[in-house]
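Asks:
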Amino acid sequence: MEAYLAAIAVIALIYVLLSLGLNLQYGLTGLINFGHVGFFAIGAYASAILALRGVPLVACFAAAAALAGIAAWPIGLISLRLRDDYFAIVTLGFSEIVRLVVTSERWLTNGVQGIPGIPRLFASLEGPAAQLATLAVILAVVVLAAWIMRRIGKSPFGRVLEGIRDNEEAVKALGKDPAGFKIQVLIVGSALAGIAGAFYAHYITYIVPEQFIPLVTFYVWMAVIMGGVGRVSGAVVGAGILMLFLEGSRFARDVLPGISEVEMASIRLGLVGVMLILFTLYRPQGLMGDYTRR
Amino acid sequence: MSLEARAISKSYGGFQALDRVSLQVESGGLFGLIGPNGAGKSTLFSILSGFLKADSGHVLLDGRAIDAVPAPARARAGMVRTFQVPRDFQHLTVHENLMAAAPGQVGETLPGLFFRPAKVRQQEAEIAARVGEILAFLRLSEVADQSAGKLSGGQKKLVELGRALMVEPRLILLDEPFAGVNPVLIGQIMERVADLNARGIGFLVIEHDLEALTRLVPRLAVMDRGRIIAQGAPDAVLDDPLVRDAYLGATL
Amino acid sequence: MFYAQLAVNGLVQGLVVGLAALSITLVFGIARFPNAATGDAMTLGAYSGLVVHRDTGSLALGSLASVGAAALVLVLAYVAVFRRLAGRSVVALLVASIGVGFVVRAALGVAFGHSQLVFQLPLARPYVVGGLRITPLDLQLAGIAAVALAVVFAILYLTPIGRQMRAVADDPDLARVSGIRPARVMLAMWALAGAVAGVGGLMLGIKTIVMPDIGWDLLLPAFAAAILGGIGSPVGAVLAGLLLGMTQEISTPFVGFTYKIAISFVVMLIVLLVRPRGLLGRLEGTR
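Chains as they are written, first to last, in this note's numbering: chain A, 1 to 294; chain B, 295 to 546; chain C, 547 to 833.
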């Protein structure tokens, strides 16, 4: 039982990291990033590939964050030139291209077969101890990330981000250039996604391209929207609700007869779709109120 | 800070929005710009402040051409604009709106906010003090902690002006400061503008409300269909037959 | 010659992308948002055509089913969702359309599962024309596309409702003031966009396979073609679709099979950053 709860907690914390990054980009700054899973994938694959070549884990994680962050830089430059919806489409395309590259470059990523045998964190410890240790590390990283996001949110930097979200032209009219802020926010949020990806790879130990589809991006969007856009606590609550949804659907399949794994996947997809529709119709600000930090 | 528009033209598709528009605002001047809807006034503002590019002509600030200078840099140089429809940071409070406008904040950089917290705190205190003064000057102190999005139209215009003042400008482009504002507030805004002008800040004011504008400015220009059709002191300009034609039916 | 053959191979692919792009550009021009449910409407068209063809043996009836189902689903989406988001931001509509796409895809997944289905059509030897090989199936599909395009353009340029649609696309305020009733135009537009997507989906399903993801996978090239052709230009969308489809095939020897989709992405990016109005579009801001 504890092992199950620990597993849920690890995945939930990974989603919290993803939500914190997206919240910085969308909740604070208003950037419509539909390519979040692409950076998650870059982090996962980078860390896995390096670890299997004997690179120490800490360096792998650092590389995951760095590569995801670097990949975000051109995306940031593009965000300066495009309207919201075009930027959204381009980022969606980007994450699909990442999946494409990962699927094709078999020499690097083993293509569709994926990468098995990724070393766990704390491989030297035994089962339950290793799991708890991993949980502790992820928790520590999440707490640090959440603290950093809160500091940013309450700072003058965060104020400008909210200004950009609310009225970018007004920010320019005050002599501040939104460009640098947007790029930094995309890099930081994507680096977080990269770290989340590394944790994911080293936890489930076997990654395949199919795990990095746009649906994951929209899971994170749901978490951010449901938890309350703009607030750090919202990212945590949202990830929690998302986990309830994902795990709940697994339980439902055990309870309700005659639904196959594949059908459940389709039902989940449909529910995400319905929720996206309902949220745009009725609660664009999320469950916990609107953008205010109060 | 002097501002000059020299033969500025701008067209959209087949439509000529501005046709060789020239005007000059001398340093510390108080200059008005009126004209019917669609005359091109806001387009001119956008070009002067760097939000639009002119097809031809030049914008000169203190005698130097700034055509290649992007909008944020023009604001940093001392020329700030407001918008016809107030562009407030609606999810921030009035106080935060003005705090956000102050230039040179160390806390607006990531290294700054994490590695120099003491300096950030100090600056926040200094800026907050200035914000308090400006809010008091604009009679907005009571609503300082309200969400800017919840204010009335007139109050939003004052917040825009407040934000512009935080930048410590030498020239302010006011886009229809009186539109949609209740008459009592109009008087207040005019007083503030006159006050600031007396302290040396130049103004270029677009307005529809002829009566209010002519009480405020010693010089104005009239635009119609992309051209300046008259310039000078209000009385002289309003007697001009071309101007009367443009405002056919309007009360002068 | 080799490349000419590749271009011919890319003909049907190009027509499919062109039809998808046409559907996108119709919606973008009139409802003014990128419709991410286009792909899934195509998939629905493919499945509908497959089922009816399987049960009746008639490809003609199958085509009607494709057109009808896809048109119906987009009209329903308009009535239930998009209409209520009128006046909201473009992003809200985009997100809602992604949701609609997910719902359609999920329904298809539950109903049909994830196995690959194929149209049972007789295999035939390719014709050889001037040294180039083209299969009868490709010709039939091209014919279907040609008919569909002819009908669409006839509606757009020769009927009153088509004129009204183009008026709304050009200038919605003026259109409203001129007494054009927006609801009728919208319904017609969504039905038309759906029908076009349905034909494209049918062709895609016949040419390749039928699976829940086939439409979504085409979304990126379809958007790229719509943007390349100039958002809002029906002719541009079709031409750009053909261009992209054929280019993708011709480039396969160079970039490999999987990466040809990356070409669409690169093209789209270049167009958006360098010449946002595409080939035939009006001057519209991407900023």
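Cβ atoms here follow ideal geometry from the backbone N, Cα and C, with glycine treated the same way.
Does A/R81 come within less than 8 Å of chain C when only Cβ atoms are used?
Replies: Numbered from its first residue, the first sequence carries residue 81 of chain A at position 81. Chain C has a Cβ within less than 8 Å of the Cβ of A/R81.
Asks: Could one say the Cβ of A/Q184 lies closer than 8 Å to chain B's Cβ atoms, at least one of them?
Replies: Indexing the first sequence from 1 puts residue 184 of chain A at position 184. By this cut-off, A/Q184 is an interface position.
Asks: Select from B/D503, B/F497, B/L532 and B/A362 the residue whose C-alpha is nearest the C-alpha of B/V374.
Replies: Position 80 of the second sequence, counting from 1, holds the residue named residue 374 of chain B. It is B/F497.
Asks: By alpha-carbon positions, which one of B/V388, B/R521, B/G344 and B/P535 ends up nearest to B/G329?
Replies: Within the second sequence, numbered from 1, the residue matching residue 329 of chain B stands at position 35. Comparing Cα-Cα distances from B/G329 to each of B/V388, B/R521, B/G344 and B/P535, the minimum goes to B/R521.
Asks: Hey, quick one: how far does the alpha helix (DSSP H) through A/Y219 stretch, first residue to last?
Replies: For the purposes of this step, residue 219 of chain A is identified with residue 219 of the first sequence, where counting begins at 1. Run containing A/Y219: P214 to G227, per the alpha helix (DSSP H) assignment.
Asks: Would you say A/V274 faces chain C, with C-beta separation under 8 Å as the test?
Replies: Translated into positions along the first sequence, residue 274 of chain A becomes position 274. Yes, A/V274 counts as interfacial toward chain C.
Asks: Give the DSSP-derived three-state secondary structure of B/T266 in the structure shown.
Replies: Examination of residue 266 of chain B is not possible in this model, given that chain B is present from 295 through 546 alone.
Asks: Compare the C-beta of A/D177 with all C-beta atoms of chain C and state if any pair is closer than 8 Å.
Replies: For the purposes of this step, residue 177 of chain A is taken as the residue at position 177 of the first sequence. No, A/D177 lies away from the interface with chain C (no Cβ there is under 8 Å from its Cβ).
Asks: DSSP on B/E320, reduced to helix/strand/coil?
Replies: Counting from 1 along the second sequence, the entry for residue 320 of chain B is found at position 26. DSSP places B/E320 in coil when its eight states are reduced to three.
Asks: Where does the unbroken beta strand (DSSP E) through B/M373 begin, and where does it stop?
Replies: Reading the second sequence from its first residue, position 79 is the one you call residue 373 of chain B. Here the beta strand (DSSP E) through B/M373 covers M373 to R375.
Asks: Inspect the beta-carbon positions of A/L31 and A/S79 and report whether they are closer than 8 Å.
Replies: Stepping through the first sequence from its first residue, residue 31 of chain A is reached at position 31. Stepping through the first sequence from its first residue, residue 79 of chain A is reached at position 79. Yes, Cβ-Cβ distance for A/L31 and A/S79 is below 8 Å.
Asks: Looking at C-alpha atoms only, which residue of A/V141, A/L242 and A/G153 is the closest neighbour of B/T403?
Replies: Here the question's residue 403 of chain B lines up with position 109 in the second sequence. It is A/G153.
Asks: Mapping the DSSP letters down to three states, classify C/Q551 as helix, strand or coil.
Replies: To locate residue 551 of chain C, count along the third sequence from 1; it is residue 5. In the structure shown, C/Q551 adopts helical secondary structure according to DSSP, grouped into three states.
Asks: Quick check: what's the CA-CA separation for A/V112 versus A/S104?
Replies: Locating residue 112 of chain A in the first sequence gives position 112, where the first residue counts as 1. Locating residue 104 of chain A in the first sequence gives position 104, where the first residue counts as 1. Using only the alpha carbons, I get a separation of about 8 Å.
Asks: If we ignore side chains and look at the alpha-carbon of each, how far apart do C/D763 and A/P156 end up?
Replies: In the third sequence, residue 763 of chain C corresponds to position 217, counting from 1. In the first sequence, residue 156 of chain A corresponds to position 156, counting from 1. If you draw a straight line from the Cα of C/D763 to the Cα of A/P156, it is about 42 Å long.
Asks: Among the residues of its own chain, which have a CB less than 6 Å from the CB of A/I89, if the five just before and after it don't count?
Replies: As a position in the first sequence, residue 89 of chain A is number 89, starting the count at 1. The answer is none, since no qualifying residue turns up.
Asks: Tell me C/Y624's beta-bridge partners as DSSP assigns them.
Replies: Here residue 624 of chain C is taken as the residue at index 78 of the third sequence, counted from 1. Per DSSP, none; premise fails for C/Y624.
Asks: In terms of DSSP beta bridges, what is B/E298 paired with?
Replies: The count along the second sequence starts at 1 and reaches residue 298 of chain B at position 4. Paired residues: B/Q318 and B/L354.
Asks: Using 10 angstroms around the beta-carbon of B/P463, count the other beta-carbons present and answer buried if the total reaches 16, otherwise exposed.
Replies: Mapped onto the second sequence, residue 463 of chain B falls at position 169. Of the other Cβ atoms in all chains shown, 16 or more fall within 10 Å of the Cβ of B/P463; this residue is therefore buried.
Asks: Consider the Cβ of A/R150: report whether some Cβ of chain B lies at a distance smaller than 8 Å.
Replies: Within the first sequence, residue 150 of chain A is the residue found at index 150, counting from 1. A/R150 does not count as touching chain B.
Asks: Quick one: list the residues of chain A neighbouring B/F339, beta-carbon separation under 8 Å, in chain order.
Replies: Counted from its first residue, the second sequence places residue 339 of chain B at position 45. Per Cβ cutoff of 8 Å: no residues; B/F339 is ~11 Å from chain A at best.
Asks: Does the beta carbon of A/D166 sit closer than 8 Å to a beta carbon anywhere in chain B?
Replies: Your numbering for residue 166 of chain A matches position 166 in the first sequence. Yes, because at least one Cβ of chain B sits closer than 8 Å to the Cβ of A/D166.
Asks: For a test of the three-state rule: what should DSSP assign to B/Q417, helix, strand or coil?
Replies: What you label residue 417 of chain B is simply residue 123 of the second sequence in a count that begins at 1. If DSSP states are grouped into helix, strand and coil, B/Q417 belongs with the helices.
Asks: Check B/F325 in the structure and name its three-state DSSP category.
Replies: Walking along the second sequence from the start, residue 325 of chain B turns up at place 31. It is a strand residue.
Asks: Going by C-alpha distance, which of C/L685, C/V664, C/L572 and C/Q662 is nearest C/Y673?
Replies: Residue numbering aside, residue 673 of chain C sits at position 127 when the third sequence is read from its first letter. Residue nearest to C/Y673 within the set C/L685, C/V664, C/L572 and C/Q662 is C/L685 (criterion: CA-CA distance).
Asks: Short of 7 Å Cβ to Cβ, which residues in the stretch 652-672 of chain C face chain A?
Replies: A652, A653, G655, V656, G659 and H660
Asks: From what residue to what residue does the beta strand (DSSP E) around B/Q525 run?
Replies: Locating residue 525 of chain B in the second sequence gives position 231, counting from the first residue. Run containing B/Q525: R521 to G526, per the beta strand (DSSP E) assignment.
Asks: Quick one: does the C-beta of A/L135 sit closer than 7 Å to a heavy atom of the ligand COA?
Replies: By its list of ligands, the structure shown contains no ligand whatsoever, and the ligand COA lies outside what it can speak to.
Asks: Distance, Cα to Cα, B/Q318 vs A/A239?
Replies: As a first step, residue 318 of chain B must be located in the second sequence, where it is residue number 24. As a first step, residue 239 of chain A must be located in the first sequence, where it is residue number 239. So the alpha carbons of these two residues sit roughly 58 Å apart.
Asks: Anything in chain C within Cβ reach of A/A88, meaning under 7 Å, just list it in chain order.
Replies: Indexing the first sequence from 1 puts residue 88 of chain A at position 88. What A/A88 touches in chain C: V637 and L640.
Asks: At 4 residues or longer, what runs of the alpha helix (DSSP H) sit wholly inside the stretch 425-497 of chain B?
Replies: 447-460 and 477-492
Asks: Please list the terminal residues of the continuous alpha helix (DSSP H) segment that includes B/A515.
Replies: Counting from 1 along the second sequence, the entry for residue 515 of chain B is found at position 221. Element bounds for B/A515: not the alpha helix (DSSP H) but the beta strand (DSSP E), R513 to D518.
Asks: Which chain A residues are close to B/S343, counting only those with a beta carbon under 8 Å from its beta carbon?
Replies: Locating residue 343 of chain B in the second sequence gives position 49, counting from the first residue. Correct list: A173.
Asks: Spatial neighbours of B/I455 within its chain, please: C-beta separation below 6 Å, excluding the five flanking residues on both sides.
Replies: Position 161 of the second sequence, counting from 1, holds the residue named residue 455 of chain B. A small correction: the amino acid at residue 455 of chain B is Leu; Ile does not occupy that position in the sequence shown. Counting only Cβ-Cβ distances below 6 Å, and skipping sequence neighbours, we find nothing.
Asks: So is A/R250 buried or exposed if we call it buried at 16+ other beta carbons inside 10 Å?
Replies: Here residue 250 of chain A corresponds to residue number 250 of the first sequence, with the count starting at 1. By the 10 Å Cβ count, A/R250 comes out exposed.
Asks: Report the rounded CA-to-CA distance for A/L139 versus A/L121, giving the unit in angstroms.
Replies: Your numbering for residue 139 of chain A matches position 139 in the first sequence. Your numbering for residue 121 of chain A matches position 121 in the first sequence. Cα to Cα, the separation comes out at about 14 Å.
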